[in-house]
Amino acid sequence: MNVFTEIAALIVLFLLRLGVPIAVTAAIVWGLRRLDARWQAEAEAERIERAVAKGLLPPTAVTSPLAMERPCWEHNNCSPETRQHCPACALTDIPCWMARLRSDGKLPARCYGCALFRTRPALRPALAQA
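Following this line, the structure appears as structure tokens:
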């Protein structure tokens with residue numbers, strides 16, 4: 496019985512020795528991928544915003560089909576008090592995420608998970624360089 500306990504302890508310690516570093520590495524990789532995806536989405540949004548500002552692209556070309564059905568404040572159930580201070584309500588001729596990007600200088604964290612931002616049409620490669 497003593498040999499079985501010793502072998503089980505060796506196996507558990509061996510798995511801990513390998514498992515903990517692998518789990519920590521996997522968590523770091525997961526976090527870095529999320530950060531990279533966020534940075535790429537923000538860079539793409541800035542390229543689109545510059546193309547729209549230069550007149551190379553109409554705002555409707557990058558507006559989500561969901562946003563054409565109803566405005567973002569209805570999708571997000573915003574209160575009237577929130578709508579008074581929101582740039583997306585003031586700038587209705589451009590997509591809501593673009594209005595927030597223009598006013599805040601960066602996309603709010605809430606935009607990355609929003610269906611209106613995720614379902615926007617892709618930017619054509621020729622305009623991506625604008």
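For reference, each letter of the sequence shown is one residue, going 496 to 625 in the numbering used here. Every residue, glycine too, gets a C-beta built ideally from N, C-alpha and C.
Relative to the Cα of Leu561, the nearest Cα in the group Leu513, Ala504, Pro590, Thr520 belongs to Pro590. Measuring C-alpha to C-alpha distances from Arg595 to each of Glu576, Gly550, Cys567 identifies Cys567 as the nearest. Taking a 10 Å sphere around the C-beta of Ile543, we find 16 or more other C-beta atoms and assign the residue as buried.
Within the model, the alpha-carbon separation for Glu537 versus Lys601 is close to 7 Å. The three-state reading of DSSP puts Gly608 in helix, counting H, G and I together. A straight-line Cα-Cα distance of about 27 Å links Leu513 and Asp531. Residue environment for Ser559: buried (at least 16 other C-beta atoms within 10 angstroms of its C-beta).
Boundaries cannot be given for Leu551, as no alpha helix (DSSP H) includes it and DSSP labels it neither H nor E.
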